[in-house]
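5 is the number of the first residue of the sequence shown in the numbering used here; add one for each residue after it.
All C-beta atoms, glycine included, are put in the ideal place defined by N, C-alpha and C.
Notes to accompany the following structure.
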Amino acid sequence: MVININQKFAKIADVSPDLLKRFLEPYKENCKYLKQARFQYPEPINGSEISGSSNVNIGYMQADFSIPDSCYIADTGHFNSVEFNICYNQLFYIMIAYLVEHQLFPAMADWNVESYQYYQLSNFLITRFSSAFKKPINSDHFQGTLSIHKYSTRGHLIMLKTSCAFYDQNGGWAEGDINIAVLNKESEKNLNEVKEAVLA
């Protein structure tokens, strides 16, 4: 799914520095590439507000990134696949934190920021990951946008389909589609259930 980064939004809200600090805390200092973020509320469709429909876009998370020095390799001079993955993870963690904090995600209505922080690393699993690099991105300063465009619940799992794009002011562009399985915070960590859901 290609993200339209130029669309209009009903409202744009900055993510608080405290929320960023809290949910980027697992990363080493030189690996905290996400610097600022904002949640973009979609315009209502046919006069409706954000709903619990599994096919309705619940909004976008946009963020500013900077990678002055790679945390794992000598400077390559461009945004690469490992950095794509790291930046996606940070963008995703912050989006979920914002959705949970503001009770915007029906599938996680019983979560709060405390429970999310506790399960942040253990209960979110990438089940499918694809990316494409259209034009080199200057890693010194670029932006990223993430959307959750479909979700469903299956037993103790919440299955998410997400899309993201990273881009700079010179036309650099990379995009990806990533599926996530969320183990419900009250459930056992049943990896066989995850495998069955992925194959279904």
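With distance defined between alpha-carbon atoms, name the residue in the options nearest to residue i.
{"i": "G25", "options": "M112, Q121 and K165", "result": "Note on identity: in this sequence residue 25 is Lys, with Gly being the wrong assignment. The shortest C-alpha separation from K25 is found at Q121."}
{"i": "N93", "options": "L187, M5 and G180", "result": "G180"}
{"i": "P140", "options": "V19, R132, W177 and M163", "result": "W177"}
{"i": "N142", "options": "A17, N174 and K32", "result": "N174"}
{"i": "K138", "options": "I98, L125, V117 and S85", "result": "S85"}
{"i": "N23", "options": "A14, D73 and E105", "result": "Reading off the sequence shown, one finds Leu at residue 23, where the question assumed Asn. The option with the nearest alpha carbon to L23 is E105."}
{"i": "Y113", "options": "I162, T166, K15 and R42", "result": "Residue identity check: residue 113 is Ala in the sequence provided, not Tyr. Nearest of I162, T166, K15 and R42 to A113, Cα basis: I162."}
{"i": "V19", "options": "C35, P48, E33 and Q66", "result": "Q66"}
{"i": "A169", "options": "S135, D73 and P110", "result": "S135"}
{"i": "L108", "options": "I62, R132 and S74", "result": "I62"}
{"i": "Y155", "options": "M5, F88, A111 and Y102", "result": "A111"}
{"i": "E118", "options": "F133, T131, R132 and Y102", "result": "Y102"}
{"i": "N183", "options": "T157, F133 and R158", "result": "F133"}
According to DSSP, is residue i part of a helix, a strand, or is it coil?
{"i": "L125", "result": "coil"}
{"i": "S20", "result": "coil"}
{"i": "V202", "result": "Caution is warranted here: a pLDDT of 48 is assigned to V202, below 50, making its placement in the model unreliable, and the coordinate value is therefore given only provisionally. Helix, per DSSP."}
{"i": "N183", "result": "strand"}
{"i": "S119", "result": "helix"}
{"i": "K32", "result": "coil"}
{"i": "K25", "result": "helix"}
Measure the Cβ-Cβ separation of residue i and residue j and say whether it is below 8 Å.
{"i": "F27", "j": "Y97", "result": "yes"}
{"i": "D172", "j": "H153", "result": "no"}
{"i": "Q11", "j": "F69", "result": "no"}
{"i": "Y37", "j": "I7", "result": "no"}
{"i": "Y64", "j": "Q40", "result": "no"}
{"i": "N188", "j": "H160", "result": "yes"}
{"i": "L125", "j": "P46", "result": "no"}
{"i": "R42", "j": "I16", "result": "yes"}
{"i": "I100", "j": "C35", "result": "no"}
Could you check how far apart the C-beta atoms of residue i and residue j are, in whole angstroms? I think they sit under 8 Å.
{"i": "L129", "j": "A185", "result": "5 Å"}
Segments assigned beta strand (DSSP E), at least 3 residues, entirely inside the segment 73–113: none
Report the residue ranges of all beta strand (DSSP E) runs contained in full by the segment 130–179; include only those spanning at least 3 residues, in chain order. If only uninterrupted beta strand (DSSP E) runs of at least 3 residues are considered, those enclosed by the segment 130–179 are 146–158 and 161–171.
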